[in-house]
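> After the structure tokens below, expect a handful of questions from me.
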Amino acid sequence: MMIKGCIGFSRIGNSLITKMLLVRGKRVVEVPLIWPLSTFMIKVWKSKNILRKIFYKNSTDWKDILESKKD
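So this is what it looks like as structure tokens:
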């Protein structure tokens, strides 16, 4: 299972539902995740180890986007 185009996560208040934000073309798709799954997915997304390479493909950092716009 590879997740492509993940740009971050969103949670409002103390809700048990977190939304994973995925880019699909010009659209941003919000995928609702329940609390235990969302904590795992956020930890993997923030990590720099091999699990990130397994779960997330071509994840983009904002630093890379800003640098590419300057050129």
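In this text, residue positions in the sequence shown follow our numbering: the first is 1129, and each later residue adds one. Glycine included, each C-beta is placed from N, C-alpha and C at the ideal position. Computed from a prediction, not measured in an experiment: that's the story for all the values here.
Report the residue from L1179, M1148, Y1184 whose alpha carbon sits nearest the alpha carbon of W1163.
M1148
> Quick one, which of V1172, R1155, V1159, G1153 has its alpha-carbon nearest S1138's?
V1159
> Less than 8 Å between the beta carbons of G1179 and M1169, yes or no?
Per the sequence shown, residue 1179 should be read as Leu rather than Gly. No.
> Give a yes or no on whether 8 Å exceeds the smallest Cβ distance from P1164 to chain D.
Note that chain D does not occur in the displayed structure, where there is just one protein chain.
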